[in-house]
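Have a look at the structure below, then the notes.
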Amino acid sequence: MTKNIPKNNNYDLISISHYFAPRVGGLENMAFTLLRDLSKKDINCLAIFGSDNKYDKEEDGFRKISFKPISLFENTYPIFGLSFFWKVMKLIQQNPDARIIIHSRHLTSSLITHFICSILSHPYIVIEHNAGKIYMTNRFSTKVINWLDRHVFGYVLSGAQEIIAVSKTGKRWINRNFNIEKERISVIYNSFDLDTSTLNIEEKENIVVWASKWIKVKNPQVVLKSYIEIAHKYPNWLFMLIGSGSALDYQHLDLPKNVRVVEQFLEHDDFLSLLEKSKIYINSSFSEGLAIANLEAIAMGNIPVLSDAPSNKEIARVIKTEEFVFKRNNIKDLSKKIEVAIKKSTDTDYLKNISTKSRGVFSKEEMVEKYYKKLLPDHSRNEKLEKISIVIPVYNEERTVSQIIEKVAKLKFPKKIKKEIIIVNDASTDKSMTFINKAIKNPPEDTQFIVLENKRNKGKSRTVKKGVLASTGDLVVVQDADLEYDPRDLVKFVKIFLSDPHLDVIYGNRFNKKNKFSNLVHSFGNRAVTFVSNLLTRSEGFAPNDMETCYKMVRGEIMRAIFGSLESTSNFGLEPEVTAKLARYRKVGGERLNFKNVDIYYKPRNFAEGKKMRWFKHGFEALLEILYFNNTPFTVEETYNNKRIKRKF
316 MTKNIPKNNN YDLISISHYF APRVGGLENM AFTLLRDLSK KDINCLAIFG SDNKYDKEED
376 GFRKISFKPI SLFENTYPIF GLSFFWKVMK LIQQNPDARI IIHSRHLTSS LITHFICSIL
436 SHPYIVIEHN AGKIYMTNRF STKVINWLDR HVFGYVLSGA QEIIAVSKTG KRWINRNFNI
496 EKERISVIYN SFDLDTSTLN IEEKENIVVW ASKWIKVKNP QVVLKSYIEI AHKYPNWLFM
556 LIGSGSALDY QHLDLPKNVR VVEQFLEHDD FLSLLEKSKI YINSSFSEGL AIANLEAIAM
616 GNIPVLSDAP SNKEIARVIK TEEFVFKRNN IKDLSKKIEV AIKKSTDTDY LKNISTKSRG
676 VFSKEEMVEK YYKKLLPDHS RNEKLEKISI VIPVYNEERT VSQIIEKVAK LKFPKKIKKE
736 IIIVNDASTD KSMTFINKAI KNPPEDTQFI VLENKRNKGK SRTVKKGVLA STGDLVVVQD
796 ADLEYDPRDL VKFVKIFLSD PHLDVIYGNR FNKKNKFSNL VHSFGNRAVT FVSNLLTRSE
856 GFAPNDMETC YKMVRGEIMR AIFGSLESTS NFGLEPEVTA KLARYRKVGG ERLNFKNVDI
916 YYKPRNFAEG KKMRWFKHGF EALLEILYFN NTPFTVEETY NNKRIKRKF
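Just add 315 to the spot in the sequence shown (first one is 1) and you have our numbering.
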């Protein structure tokens with residue numbers, strides 16, 4: 316079935332990079348792999364980048380928009396112009412909820428996107444692929460570009476909502492060179508996309524490979540000099556140096572017969588085919604991020620002879636190949652390490668072991684899953700929505716508690732979502748507890764009952780708080796123990812949550828045409844307090860149609876954070892406090908909560924049936940609570956990045 320890819324709107328993720336696959340390069344291949352695999356999770360992705368041709372097409376499960384930039388420094392540095400600016404700005408305006416990711420800071424595509432996001436107040440995340448100084452063709456241009464990097468392109472990092480480094484070395488380097496707090500930088504290892512299932516180590520040939528752009532930072536000249544120095548010792552080995560550019564001088568040299576210089580930039584499939592045959596791979600860079608070619612080579616059973624660039628050393632530490640690391644730009648040390656690798660290459664078990672280690676530590680599946688959780692937490696949490704917690708406060712409800720427990724226990728939620736029914740008895744003086752114990756004896760397979768008790772009567776606010784804080788569900792809702800609400804509406808709520816990964820809160824709305832209010836005072840009182848509450852919360856983008864509704868379904872982590880700060884002790888201060896705090900609460904990135912009003916069934920009981928609300932008394936109390944909680948700071952404690960943090964609102 317062909318996926319319906321949107322045009323111009325409804326993108327979940329917009330990726331900005333200087334180049335993109337099929338161009339060979341670590342950043343390009345990683346960016347492609349990430350978007351392709353996220354698209355398989357029904358994430359609508361858009362890639363914007365530069366190439367030799369301008370085009371707009373849909374393939375590989377996502378949309379690609381390419382611009383033809385002006386390329387400087389041997390096609391390694393593209394300059395994007397006004398057409399790029401206007402197109403990116405338009406797309407971000409049309410997709411206010413899209414997650415924007417920028418690949419690497421030191422590019423005009425990155426700087427322009429940073430500027431656009433600053434204008435539109437749209438947060439973005441930087442995936443920083445580099446972990447060191449930039450090297451150009453001469454000292455002057457190297458000094459200029461590194462000055463620009465710190466004083467101009469550094470703004471791309473400082474303005475980011477979050478930064479993801481592709482190595483631990485990269486994180487330290489960003490922290491040290493750009494003065495970015497470590498807490499703002501996370502690490503997700505780069506990975507590769509290749510099939511090693513048919514790899515046959517025994518059929519490998521005696522080949523040493525260096526393959527990259529012939530630019531100064533890659534330092535191909537030191538490799539060629541090393542080849543010339545040792546090639547005569549190993550006539551049965553082929554020493555290959557592949558690429559294109561101006562940083563390699565070889566035409567005037569009398570090369571040994573087993574040293575082959577190939578002035579060609581390999582397509583990725585050809586590069587992998589070569590790695591499948593070779594035994595040793597060399598990386599001689601002065602500076603690296605986390606070179607994907609290194610990881611691919613090791614996964615294909617090649618011994619990595621890597622320069623001591625910090626990220627290269629990190630790979631060697633992880634794979635346990637430190638004995639093959641050489642000093643940058645040191646011909647003798649490189650020659651020595653190549654010879655050590657040649658001797659080691661006869662051990663096929665060793666080649667198999669490093670291949671397995673690389674595929675395990677730098678797993679593509681793990682990389683994609685980590686980015687999925689980091690970049691698209693709303694989609695990730697919906698995918699793993701497994702349990703709903705339903706909190707039932709009980710005080711002297713012997714006439715209805717058995718029926719409501721039975722109704723809730725019989726609910727069947729989509730995706731086989733389980734129920735955690737938490738019943739909190741607020742020191743009832745009638746037979747409520749007897750009926751509770753009887754009702755929970757034979758729970759359905761998808762249901763867990765938890766019964767809590769207050770030793771003394773504490774009122775509804777603190778009783779509900781106790782239940783919510785004991786919950787573990789991905790969604791949490793409160794269900795009154797009377798029969799005024801229809802629990803089947805909760806199934807409708809869950810379906811809406813599943814259809815909208817960005818949704819955080821649903822308020823049930825009793826004031827719809829299907830419901831009739833026999834008590835006009837009760838109806839007017841509810842509408843009045845909702846009106847006053849909305850006067851104070853509307854500016855926060857939060858204006859429910861029915862503030863006093865019992866049915867407020869909220870994402871579990873948010874509900875528990877809000878209830879952890881709950882102060883109200885009065886019976887009817889709960890709803891105004893929760894509403895005021897949900898309105899002012901912000902996600903860690905500063906975003907407001909997304910909420911919806913949904914019509915529900917409601918049949919109010921009368922005082923003879925146990926109605927406890929007295930509007931002339933409790934309505935006035937609710938108004939005071941509204942004014943107080945909308946003007947009082949509060950602090951929530953919650954988990955972020957596996958750490959407990961406190962935030963004040």
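We treat Cβ as the ideally placed atom computed from N, Cα and C, and that holds for glycine.
Check: CB of F677 within 7 Å of CB of L610, strictly; Outcome: yes
Check: From T671, A858, A446 and K685, residue whose alpha carbon lies closest to that of A606; Outcome: A446
Check: Reduced DSSP secondary structure (H/G/I, E/B, other) of S381; Outcome: strand
Check: Contacts around R491, its chain only, beta-carbon distance under 7 Å, and the 5 residues preceding and following it disregarded; Outcome: none
Check: Contacts around K486, its chain only, beta-carbon distance under 6 Å, and the 5 residues preceding and following it disregarded; Outcome: A480, I500 and V502
Check: Where D914 falls: helix, strand or coil (DSSP); Outcome: strand
Check: Segments of 4+ residues assigned as alpha helix (DSSP H) that fall wholly inside the stretch 707-784; Outcome: 716-724, 747-754 and 775-784
Check: DSSP state of F887 mapped onto helix, strand, coil; Outcome: coil
Check: The stretch 361-375 contacting the stretch 699-718, beta-carbon criterion three pairs below 8 Å; Outcome: no
Check: Distance, I543 Cα to I653 Cα; Outcome: 12 Å
Check: Burial state of E518, where buried means 16 or more other Cβ atoms lie within 10 Å; Outcome: exposed
Check: Own chain residues within Cβ distance below 8 Å of K688, not counting five before or after; Outcome: S695
Check: 7 Å Cβ cutoff met for S299 and G604; Outcome: Only positions 316 to 964 of the chain appear in the structure, and residue 299 is not among them; the question remains open.
Check: Same chain, Cβ closer than 6 Å to I821, neighbours up to 5 away in sequence not counted; Outcome: F808, M868, K911 and V913
Check: In DSSP terms, what M555 is bridged to; Outcome: V524 and R575
Check: Status (buried if at least 16 other CB within 10 Å, exposed otherwise) for N957; Outcome: exposed
Check: First and last residue of the uninterrupted beta strand (DSSP E) at A362; Outcome: C360 to G365
Check: Option in M862, K831 and A858 with minimal Cα separation from R842; Outcome: M862
Check: Among A562, S398, G365 and K379, nearest to N453 - alpha-carbon criterion; Outcome: A562
Check: Spatial distance of D634 from E882 (CA atoms); Outcome: Residue identity check: residue 634 is Ile in the sequence provided, not Asp. Computed Cα separation, rounded: 53 Å.
Check: Where R907 sits in the DSSP three-state scheme; Outcome: strand
Check: For V676, the first and last residue of its enclosing beta strand (DSSP E); Outcome: Note, V676: premise wrong, no beta strand (DSSP E); alpha helix (DSSP H) at T663 to V676.
Check: Spatial distance of K722 from R771 (CA atoms); Outcome: 28 Å
Check: Boundaries of the alpha helix (DSSP H) in which N627 is found, first to last residue; Outcome: P625 to I634
Check: Candidates V523, S332 and V806: closest to I657 by CA position; Outcome: V523
Check: Presumed contact (8 Å Cβ cut-off) between H429 and G474, rounded CB distance; Outcome: 5 Å
Check: Contact the stretch 744-763 vs the stretch 662-671: 3+ CB pairs below 8 Å; Outcome: no
Check: DSSP-derived helix/strand/coil call for D357; Outcome: coil
Check: Cα-Cα separation between W401 and V459, rounded to whole angstroms; Outcome: 28 Å
Check: Bridge partners - L621, DSSP secondary structure assignment; Outcome: N598
Check: Three-state secondary structure assigned by DSSP to P393; Outcome: strand
Check: Cut-off 8 Å between Cβ atoms - residues of its own chain near L568, not counting five sequence neighbours on either side; Outcome: L539 and I543
Check: As assigned by DSSP and simplified to three states, the class of G604; Outcome: coil
Check: Same chain, Cβ closer than 8 Å to N697, neighbours up to 5 away in sequence not counted; Outcome: F812, L813 and P816
Check: Reference E799; option with closest CA among S650, P919, L908 and F964; Outcome: P919
Check: Beta carbon of Q763 nearer than 7 Å to that of E735; Outcome: yes
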